[in-house]
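Okay, structure first, notes after.
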Amino acid sequence: MSEEESTGAPAPEGDVAGSTGPVGPATAGRPRRWRQHPLLTVGAAVVLVGAGVGTSVTVGSSSPSGASSPSDAVQQLLTAANHSDVLGALAVLEPGERDAIEPGLTNLVGQLQRLDVLSGSASLSHVSGVSFGFSGVSTTTDYLNSNLAAVTLTSGTDTVHADLSKLPLGSFVLAHAGSQLHGTRTSTSSAKTGRYVIATVQEGGRWYVSLGDTYAVDAVRASGGGSGAPPASGGVQPVGAATPEGAVTSLLQSVSSFDLRGLIADLPPDEMGALQAYAPLFLPKGERAFAAEGQRVHITISNLKLSSRSIGDSTLVTIDSMDLKVTAGSSVVFSYSNGCATVTLQGKSIRRCGRDEAAAKKAVPATLQPVLTEIMPILQRLSKERPALGLMTVQENGRYYVSPIRTLLQDVDATLGAFRPSDLTTFASAFAQIEKLAIAPSTTVSSTSATAVVAG
């Protein structure tokens, strides 16, 4: 990959973008503690992360070291993509984003292997069946501030190749969709338009690719906002809380009071710094919308009881109990207390308490009762196991914040952890029966209609 030129603020004398050494002058902008539609290459990296598997890889094994310049960071990303190397792609990411993704991803793909959705031979260091190729790539670098640079692809081609038969899929998927997993697909496109931008950030003297900043820079440029640099001032200052439970309580208060700024301040700066830095660009409009909704809808949370436990470098906070009431005007539209939920629509209320299996079974049509009987033992077992769902918090500089990415990955992992491989087979069989029952009535109707037409 070649670096055609460095635009924006010039590099210090004796330094050329892409070479080793200090890069970019100090300019107004967000501090590095505050960390665009992503360019095709970033999309490729995300696909790699989503497709990558391998439980043998330990968290932190990618040992991120960064790059000497913005263009070198992008080159590392393209190299990882060329080798279908998930670990390499993760290693190029800004540490805060990588730390939020990697542990949960490793656990998640381990669950998919256990459930035979993915094969046990799959590897994070090389995803079989999918390959990305980049050739003749040239870039320019635009320093948006001393710690943020936008690398634009000005020429080159990218090729995506997929061989469905070589995807790292497990026995469950192969048994139910194996006949459809054949053939190869290849597509090649040009990156010469100059529209594809990857944002890189400097931290500890090294440069990393940032997914959050890439999205932000691209969005700002697409809207005609200039270079894509974040506002020099007015960003949301992360606040956090003294304890994990305090962080979750603060987040729930921000949600219930429709406090958009407070909600953003409850998020970890290493993970969501781009959102906090670019917030001035959307906050005024967003806060007006939140305020208008807050005038119409009122949310009250009381009797909140939380518990917590450590998971890796994070703390999972579980909501053990709470009372929740949502009102619109003078009418209560939803309430939850002591395990009972009440929903009111158009003057009619429906109340459900705990695991009302009898009511659920009664609500199922008679034709689906055999299917329900088949899956009910699984549902009963899952309801008793109570997977570790909650909100993941992380500590930064002595304060705790709620981590959106960690929460999503942990909740999916915990949910999958409650399933057994045989459960998926049972559900697949049940869905097949439902599909047959759904098709049968329409076939009967069509035949009757046809007979009526002939008779007429």
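In this text, residue positions in the sequence shown follow the working numbering: the first is 1423, and each later residue adds one.
Where a beta carbon is used, it is the ideal one built from N, C-alpha and C, also for glycine.
Please read all numbers here as calculations on a predicted model, not as lab measurements.
Self-check item: the segment 1728-1737 contacting the segment 1661-1674, beta-carbon criterion three pairs below 8 Å
Solution: yes
Quiz prompt | Span separating the alpha-carbon of D1521 from that of P1660 | solution = Counting from 1 along the sequence shown, the entry for residue 1521 is found at position 99. Counting from 1 along the sequence shown, the entry for residue 1660 is found at position 238. Each residue's alpha carbon lies about 18 Å from the other.
Quiz item: For E1516, which three-state DSSP category applies?
Solution: Reading the sequence shown from its first residue, position 94 is the one you call residue 1516. Coil at E1516, not helix or strand.
Quiz prompt | Exposed unless 16 or more other CB atoms sit within 10 angstroms - verdict on V1719 | solution = Translated into positions along the sequence shown, residue 1719 becomes position 297. The residue is exposed, with fewer than 16 neighbouring Cβ atoms inside 10 Å.
Practice problem: Kindly provide the ranges of any beta strand (DSSP E) runs that are 3 or more residues long and lie completely inside the segment 1559-1604, ordered along the chain. | Solution: 1570-1585
Practice problem: Would you identify the three-state DSSP class for A1763, choosing helix, strand or coil? | Solution: Here residue 1763 refers to the residue found at position 341 of the sequence shown. In this structure, A1763 counts as strand in the three-state DSSP scheme.
Quiz item: How long is the line joining the alpha carbons of V1834 and I1523, rounded to whole angstroms?
Solution: Your numbering for residue 1834 matches position 412 in the sequence shown. Your numbering for residue 1523 matches position 101 in the sequence shown. If you take the alpha carbons of V1834 and I1523, they lie about 13 Å apart.
Self-check item: Nonlocal neighbours in the same chain, by C-beta distance under 6 Å from D1377, ignoring five residues either side
Solution: Because the chain is modelled from 1423 through 1878, residue 1377 falls outside the range shown and cannot be assessed.
Practice problem: Rank E1818, G1839, P1799 and A1544 by C-alpha distance to the C-alpha of D1688 and give the top, closest one. | Solution: As a working note, residue 1688 is residue 266 in the sequence shown. Taking only the C-alpha atoms, the option nearest D1688 is E1818.
Quiz item: In terms of residue numbering, what span does the beta strand (DSSP E) encompassing Q1817 cover?
Solution: As a position in the sequence shown, residue 1817 is number 395, starting the count at 1. Where Q1817 is concerned, the enclosing beta strand (DSSP E) stretches over L1813 to E1818.
Quiz prompt | N-terminal and C-terminal residue of the beta strand (DSSP E) that R1821 is part of | solution = Mapped onto the sequence shown, residue 1821 falls at position 399. From DSSP, the beta strand (DSSP E) with R1821 extends over R1821 to V1824.
Practice problem: Please state if the CB of V1619 and the CB of D1640 are separated by a distance shorter than 7 Å. | Solution: As a position in the sequence shown, residue 1640 is number 218, starting the count at 1. As a position in the sequence shown, residue 1619 is number 197, starting the count at 1. Result yes, Cβ atoms of D1640 and V1619 sit closer than 7 Å.
Quiz item: With respect to the beta strand (DSSP E) encompassing V1619, which residues constitute its N-terminal and C-terminal limits?
Solution: Here residue 1619 corresponds to residue number 197 of the sequence shown, with the count starting at 1. Element bounds for V1619: V1619 to E1625.
Exercise. Can you give me the start and stop residues for the alpha helix (DSSP H) that S1611 sits inside?
Key: Position 189 of the sequence shown holds residue 1611. Run containing S1611: none in the alpha helix (DSSP H); it sits in the beta strand (DSSP E), T1606 to S1612.
Exercise. Leaving out five residues on either side along the sequence, give the residues of the same chain with a beta carbon under 7 Å from the beta carbon of A1850.
Key: Taking the sequence shown and counting its residues from 1, the one referred to as residue 1850 is at position 428. So the list reads H1598, once near-sequence residues are dropped.
Practice problem: Spell out a yes or no on whether the segment 1693-1710 and the segment 1759-1779 are touching, meaning 3 or more CB-CB pairs, one atom from each, closer than 8 Å. | Solution: no
Quiz item: So with Cβ pairs under 7 Å, would you call Q1498 a contact of chain B?
Solution: In summary, chain B is missing from the structure at hand, where a single protein chain is found.
Quiz item: So, do the segment 1550-1569 and the segment 1486-1503 have three or more beta carbon pairs nearer to each other than 8 Å?
Solution: yes
Quiz item: Contact check, P1517 vs E1625 under 8 Å by CB: the rounded distance?
Solution: As a working mapping, residue 1517 is identified with position 95 in the sequence shown. As a working mapping, residue 1625 is identified with position 203 in the sequence shown. Yes, P1517 and E1625 are in contact; Cβ-Cβ is about 7 Å, under 8 Å.
Quiz prompt | Buried or exposed by the 16-neighbour rule on C-beta atoms within 10 Å, applied to I1686 | solution = If you number the sequence shown from 1, residue 1686 lands on position 264. Classification for I1686: buried.
Self-check item: Element boundaries [alpha helix (DSSP H), containing L1682]
Solution: Counted from its first residue, the sequence shown places residue 1682 at position 260. Residues L1682 to A1687.
Self-check item: Unbroken alpha helix (DSSP H) run spanning V1793, endpoints
Solution: Reading the sequence shown from its first residue, position 371 is the one you call residue 1793. Its alpha helix (DSSP H) spans residues Q1791 to E1807.
Practice problem: Tell me, to the nearest whole angstrom, how far the beta carbon of K1911 is from that of S1550; I am working on the premise that it is less than 8 Å. | Solution: The shown model of the chain, from 1423 to 1878, leaves out residue 1911, and the question about it has no answer.
Quiz item: Looking at C-beta atoms only, is the number of pairs between the segment 1650-1658 and the segment 1526-1536 that lie closer than 8 Å three or more?
Solution: no
Quiz item: Distance, Cα to Cα, S1611 vs L1703?
Solution: Position 189 of the sequence shown, counting from 1, holds the residue named residue 1611. Position 281 of the sequence shown, counting from 1, holds the residue named residue 1703. If you take the alpha carbons of S1611 and L1703, they lie about 33 Å apart.
Quiz item: Where DSSP assigns a beta bridge to Y1758, which residues make up the other side?
Solution: Looking up residue 1758 in the sequence shown gives position 336. Beta-bridge pairing links Y1758 to L1746 and A1763.
Self-check item: Bounding residues of the alpha helix (DSSP H) (the contiguous stretch that carries S1676)
Solution: The count along the sequence shown starts at 1 and reaches residue 1676 at position 254. Its alpha helix (DSSP H) spans residues P1666 to S1678.
Quiz item: Which residue comes first and which comes last in the beta strand (DSSP E) that contains V1719?
Solution: Sequence index remark: in the sequence shown, residue 1719 carries index 297 (1-based). Per DSSP, V1719 belongs to the beta strand (DSSP E) from V1719 to I1733.
Self-check item: Three-way DSSP call (helix, strand, coil) for S1844 in this model
Solution: Start at 1 with the first residue of the sequence shown, and residue 1844 comes out as number 422. Three-state DSSP puts S1844 in a helix.
Quiz item: Taking the C-alpha atoms as reference points, what is the distance between R1536 and S1545?
Solution: As a first step, residue 1536 must be located in the sequence shown, where it is residue number 114. As a first step, residue 1545 must be located in the sequence shown, where it is residue number 123. So the two alpha carbons sit approximately 14 Å from each other.
Quiz item: Of all the options P1652, I1733 and G1839, which has the alpha carbon lying nearest to the alpha carbon of Y1637?
Solution: Walking along the sequence shown from the start, residue 1637 turns up at place 215. Comparing Cα-Cα distances from Y1637 to each of P1652, I1733 and G1839, the minimum goes to P1652.
Quiz item: According to the Cβ coordinates, are S1609 and V1582 closer than 7 Å?
Solution: The residue given as residue 1609 occupies position 187 in the sequence shown. The residue given as residue 1582 occupies position 160 in the sequence shown. Yes; because the gap between Cβ atoms is below 7 Å, this pair is in contact.
Exercise. Please say whether A1621 and A1584 have beta carbons closer to each other than 7 Å?
Key: Taking the sequence shown and counting its residues from 1, one reaches residue 1584 at position 162. Taking the sequence shown and counting its residues from 1, one reaches residue 1621 at position 199. Cβ atoms of A1584 and A1621: not closer than 7 Å.
Exercise. Please say whether M1744 and I1723 have beta carbons closer to each other than 7 Å?
Key: Translated into the one-based positions of the sequence shown, residue 1723 becomes position 301. Translated into the one-based positions of the sequence shown, residue 1744 becomes position 322. Yes, the Cβ-Cβ distance between I1723 and M1744 is below 7 Å.
Quiz prompt | Assigned exposure category for F1680 - 16 Cβ within 10 Å defines buried | solution = Within the sequence shown, numbered from 1, the residue matching residue 1680 stands at position 258. That one is buried.
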